[in-house]
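Which chain is which? The protein sequence lines are A and B, in order.
Counting from 5, one number per residue, gives the positions in the first sequence under my numbering.
Counting from 5, one number per residue, gives the positions in the second sequence under my numbering.
C-beta atoms are modelled at their ideal positions from N, C-alpha and C, and glycine is treated no differently.
None of these values were measured; they are calculated from a predicted model.
What follows is one structure encoded as structure tokens, with my remarks underneath.
Protein chains: 2
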Amino acid sequence: MKGFQKLTLSYEALQSWLNAFQIETRVTIVPLTEASNRICAEDIQAKQDLPRFDRSAVDGFAVKSEDTTGTSQSKPFLFQLTERPELEDAGPRQAKQIWTGTPIPKGANAVIMLENTRQINDKIEVWNQATPYENVSRKGEDIKKGETAVQEGARLKPQHLGLLAALGHSEINVMQKPKIAILATGNELVEAGNQLGENQIHESNRIMLSAMCLELETEPLDLGIAMDDADDIKEKIQIGLKIADAVITTGGTSVGGLDLVPDVVNQMGKPGVIIHGVAIRPGMPTALAVLNEKPIMILSGNPVAAIVGFEVFGRPLVCKMLGMKKEEPRPTVEAVMARRVTAALGRKTFTRVKVFEKNGEILAEPISTRGSGAISTMTRGNGFVIVPENREGIDENEKVIVRMFASIEA
Amino acid sequence: MKGFQKLTLSYEALQSWLNAFQIETRVTIVPLTEASNRICAEDIQAKQDLPRFDRSAVDGFAVKSEDTTGTSQSKPFLFQLTERPELEDAGPRQAKQIWTGTPIPKGANAVIMLENTRQINDKIEVWNQATPYENVSRKGEDIKKGETAVQEGARLKPQHLGLLAALGHSEINVMQKPKIAILATGNELVEAGNQLGENQIHESNRIMLSAMCLELETEPLDLGIAMDDADDIKEKIQIGLKIADAVITTGGTSVGGLDLVPDVVNQMGKPGVIIHGVAIRPGMPTALAVLNEKPIMILSGNPVAAIVGFEVFGRPLVCKMLGMKKEEPRPTVEAVMARRVTAALGRKTFTRVKVFEKNGEILAEPISTRGSGAISTMTRGNGFVIVPENREGIDENEKVIVRMFASIEA
Chain A
5 MKGFQKLTLS YEALQSWLNA FQIETRVTIV PLTEASNRIC AEDIQAKQDL PRFDRSAVDG
65 FAVKSEDTTG TSQSKPFLFQ LTERPELEDA GPRQAKQIWT GTPIPKGANA VIMLENTRQI
125 NDKIEVWNQA TPYENVSRKG EDIKKGETAV QEGARLKPQH LGLLAALGHS EINVMQKPKI
185 AILATGNELV EAGNQLGENQ IHESNRIMLS AMCLELETEP LDLGIAMDDA DDIKEKIQIG
245 LKIADAVITT GGTSVGGLDL VPDVVNQMGK PGVIIHGVAI RPGMPTALAV LNEKPIMILS
305 GNPVAAIVGF EVFGRPLVCK MLGMKKEEPR PTVEAVMARR VTAALGRKTF TRVKVFEKNG
365 EILAEPISTR GSGAISTMTR GNGFVIVPEN REGIDENEKV IVRMFASIEA
Chain B
5 MKGFQKLTLS YEALQSWLNA FQIETRVTIV PLTEASNRIC AEDIQAKQDL PRFDRSAVDG
65 FAVKSEDTTG TSQSKPFLFQ LTERPELEDA GPRQAKQIWT GTPIPKGANA VIMLENTRQI
125 NDKIEVWNQA TPYENVSRKG EDIKKGETAV QEGARLKPQH LGLLAALGHS EINVMQKPKI
185 AILATGNELV EAGNQLGENQ IHESNRIMLS AMCLELETEP LDLGIAMDDA DDIKEKIQIG
245 LKIADAVITT GGTSVGGLDL VPDVVNQMGK PGVIIHGVAI RPGMPTALAV LNEKPIMILS
305 GNPVAAIVGF EVFGRPLVCK MLGMKKEEPR PTVEAVMARR VTAALGRKTF TRVKVFEKNG
365 EILAEPISTR GSGAISTMTR GNGFVIVPEN REGIDENEKV IVRMFASIEA
């Protein structure tokens with residue numbers, strides 16, 4: 005009943021946990037139109053050169069570059085326009101009108117821009133010399149046949165989909181979305197929308213964690229609310245282990261009177277709880293467990309601690325479950341602390357800050373509040389300054405890297 | 005037939021266009037579980053204080069703080085444990101066991117952490133003095149009744165949903181997703197998945213633009229591919245104007261032989277094309293139009309130019325259609341150019357770079373390629389360095405702000 009005897013460093017806790025179970029990624033094929041933001045499940049080699057043929061990069065006239073040697077605006081050469089599909093090997097200087105993206109006709113090796121010519125009946129004046137392949141997009145210059153277009157584990161952004169479409173793909177193998185079941189525990193919790201009794205509060209962690217799972221393209225499943233009752237918690241975690249690939253719980257984690265969830269998990273099987281008590285703030289009572297080869301993340305009921313717990317353990321877990329090569333980082337910005345913040349020595353402290361620009365300088369203003377559990381510190385702020393375990397704070401005017409969870413103008 | 009006589013600066017082009025039509029945002033109510041990443045359509049005031057009551061921030065014992073004055077680890081005071089719901093006004097030093105999150109009993113005004121006590125039968129030794137409201141989360145300290153919890157125009161991140169749930173909301177008014185119809189034009193285009201004939205290429209712009217629309221939480225609608233034929237283009241744009249709030253086309257924009265789409269739009273009505281030719285690179289032949297009070301964005305067929313056109317005009321348009329207060333910025337990072345890049349004087353040049361960390365320094369390496377239209381410059385890179393109109397390039401070792409379109413490790 006005397007608090008945690010020992011806190012595990014967050015990095016060590018994460019490694020121990022992730023090493024305690026196997027992850028099998030599963031693959032599914034989806035149309036490209038449904039692949040946005042999914043994780044690519046295979047190395048995709050280009051099936052063809054892109055472009056497939058030399059093509060014009062501009063609107064203008066295809067010519068032999070050597071025919072232009074010596075021409076100038078003051079002494080332009082005249083070229084004969086041809087309607088034939090290719091330039092003749094012999095004969096006078098020839099030019100064929102051509103548009104952006106159309107193939108370079110056989111015999112030509114450069115394109116004179118429209119702007120650098122003047123048409124006179126069936127001839128054009130060419131005012132500029134062209135080097136070989138000037139204004140030509142070469143076959144394979146975008147990507148060569150056999151080159152890797154998209155790597156396994158990459159998140160498919162619009163540009164990846166464009167490249168895949170250009171290479172002729174209409175569907176793609178992506179990682180199946182891992183299912184993550186989410187349970188809130190606590191006698192005081194009431195479903196949003198329902199009336200509160202005395203001493204009750206509205207449950208708010210499931211919707212947050214669910215949205216964080218959605219953002220990463222996993223499938224959250226709702227296990228509802230469990231009372232502070234071992235049987236109720238056990239039953240709902242069992243359902244979670246059955247229907248999902250991972251389970252997240254919130255509440256009932258502190259070492260004290262209501263240390264319920266870790267106890268229940270330990271009763272349910274081996275190895276059970278691997279870590280309980282992590283050197284982070286908030287989020288110290290976080291526990292990490294494994295049952296049936298599936299990870300269970302036991303988060304604090306404090307909403308900010310739950311978010312920080314997900315940040316530290318949930319994101320790396322999800323990235324691993326999605327088969328990503330490494331954790332997908334949040335955007336970061338370098339900023340200058342607008343005010344000193346204090347932190348707990350020996351704990352990695354997640355300070356919420358508001359990053360903003362002032363006179364061309366990026367400043368990070370700590371969100372002042374008495375309560376570390378106030379969720380409004382997350383809606384008023386847009387990033388975390390992470391104070392390492394060996395620091396008691398960050399000084400005013402010190403440079404920091406801020407991990408952004410909302411945009412700067414938000 | 006001689007190219008653009010005058011290019012409009014991108015900022016001026018955007019302002020002229022956005023001022024040429026009215027946008028009516030529409031509101032819809034959705035369950036909180038479906039509101040992730042949507043845009044809040046009303047200022048939401050807290051209906052209640054959060055927390056609703058003073059509650060304990062720790063596991064421990066509720067006491068009157070004044071009863072602890074003078075106690076210490078060497079000379080601890082003894083407190084009588086009570087089971088009653090509140091501390092008595094008179095009588096000896098009393099303490100009531102309490103858990104994180106539970107209400108502070110009447111008569112108490114501070115909580116002694118479990119770790120700073122020792123239980124002896126029905127009494128506890130208190131080793132630390134407590135200041136008033138120590139370890140107490142005060143009523144309203146997170147947010148006060150009547151304070152704005154979420155602002156109209158804010159994108160709903162997990163933390164906003166958590167705050168709304170904590171305040172008892174189970175549904176919320178969000179902006180309806182604007183519908184954006186997307187058309188590709190070009191005789192050379194073939195639907196992905198189909199066989200290519202000679203001189204044909206796979207169409208790849210619609211999937212990219214569609215994914216960019218999805219990322220911003222709008223609803224893309226597919227108008228398919230139109231031939232380089234005025235009637236075909238006209239018919240499909242008309243469908244787009246009927247079913248959607250905005251239309252995007254790609255291809256057929258350059259001043260030259262196949263300047264089809266702007267011509268067709270001008271034939272369809274007034275005001276038609278407002279801007280044609282913008283001082284950006286790539287994306288110079290972009291045109292901006294209005295028909296039936298609806299915006300039409302006429303992008304180049306070059307995939308990178310289409311992306312840049314969407315970046316410069318599409319994102320601000322969508323943010324305005326979504327009722328956001330200002331454009332939602334992409335994440336940016338400060339980096340050092342790893343190599344000189346050249347740019348076109350008089351144009352805002354969007355150079356693709358790969359940002360990476362090396363020896364603690366953030367570097368931006370220009371993606372080298374001959375072709376500015378190569379989509380792989382976007383998949384190999386992760387950000388844009390935007391060279392302003394008055395610069396001919398950026399020097400090696402110069403500091404730049406990079407607009408990120410993928411994460412640094414991607």
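Interface annotation, P80 of chain B: not in contact with chain A, CB-CB separation never under 8 Å. Counting only Cβ-Cβ distances below 7 Å, S380 of chain B has contacts in chain A at D146, I147, L167, in chain order. Taking K79 of chain A as reference, the option from A:A291, A:Q133, A:M272 with the minimal CA-CA separation is A:Q133. Checking the DSSP bridge columns, you'll see N120 of chain B has no partner listed. Note that the C-beta distance between A61 of chain A and K148 of chain A is not below 8 Å.
F388 of chain B and G255 of chain A have their C-alpha atoms spaced approximately 43 Å apart. The beta carbon of Q77 of chain B sits closer than 6 Å to the beta carbons of W131 from its chain, once the five residues preceding and following it are set aside; these are given in chain order.
Following the DSSP letters along the chain, one finds D236 of chain B inside the alpha helix (DSSP H) bounded by residues 234 to 247. Residue state for I211 of chain A is assigned as helix, using DSSP reduced to three classes. Residue state for P320 of chain B is assigned as helix, using DSSP reduced to three classes. At the C-beta level, S141 of chain A and I186 of chain A stay beyond 8 Å of one another. Within the DSSP bridge table, the entry for K352 of chain A names A:I284 as partners. Nearest Cα to L167 of chain B within the set B:F83, B:P55, B:T222, B:D226: B:P55.
Contact annotation: L118 of chain B and D63 of chain B have beta-carbon atoms nearer than 8 Å. A distance below 8 Å separates the beta carbons of E396 of chain B and L349 of chain B. Here the C-alpha atom of G228 of chain B lies approximately 6 Å from the C-alpha atom of A188 of chain B. DSSP places E175 of chain A in the uninterrupted beta strand (DSSP E) bounded by 175 to 179.
Between Q199 of chain B and D47 of chain B, the gap from beta carbon to beta carbon reaches 8 Å or more. Nearest in C-alpha terms to E331 of chain A, of all of B:S40, B:E413, B:K10, is B:E413. In this model, T29 of chain A and S411 of chain B are separated by some 22 Å (Cα to Cα). In this structure, the straight-line span from the alpha carbon of P320 of chain A to that of H164 of chain B is close to 23 Å.
Apart from the 5 residues on each side of it in sequence, I405 of chain B sits with its Cβ closer than 7 Å to the Cβ of T336, E338 in its chain, given in chain order. Put simply, the backbone Cα of E219 of chain B is about 42 Å away from that of A234 of chain A. For Q180 of chain B, same chain residues with a beta-carbon under 7 Å away, outside a window of 5 residues either side, are R30, V31, T32 in chain order.
Shown here for V322 of chain B: same chain residues with a beta carbon closer than 6 Å to its own, the five before and five after excluded, namely L220, T222 in chain order. The Cβ atoms of M212 of chain A and P35 of chain B do not sit closer than 8 Å to each other. Look at V277 of chain A: its C-beta is not under 8 Å from any C-beta on chain B. For secondary structure counted as the beta strand (DSSP E) over 3 or more consecutive residues, the stretch 79 to 159 of chain B holds these complete runs in sequence order: 81 to 85, 98 to 102, 114 to 117, 121 to 124, 127 to 130, 152 to 154. Taken in chain order, the whole beta strand (DSSP E) runs of length 3 or more contained in the stretch 19 to 63 of chain A are 31 to 35.
Within the stretch 379 to 404 of chain B, the complete alpha helix (DSSP H) segments at least 4 residues long are 380 to 384, listed from N- to C-terminus. K240 of chain B has a beta carbon lying at 8 Å or more from every beta carbon in chain A.
Annotation for P299 of chain B: the continuous beta strand (DSSP E) segment containing it runs 298 to 303. Using beta-carbon distances, P162 of chain B counts as an interface residue toward chain A, with a partner under 8 Å. From the beta-carbon of R56 of chain A, the residues of chain B found nearer than 8 Å are L200, I205. Assignment of P266 of chain B by DSSP, reduced to helix, strand and coil, places it in the helix class. Excluding five sequence positions before and after L171 of chain A, the CB atoms of its chain that fall closer than 7 Å to its own CB belong to A50, K51, Q52, L54, A153, given in chain order.
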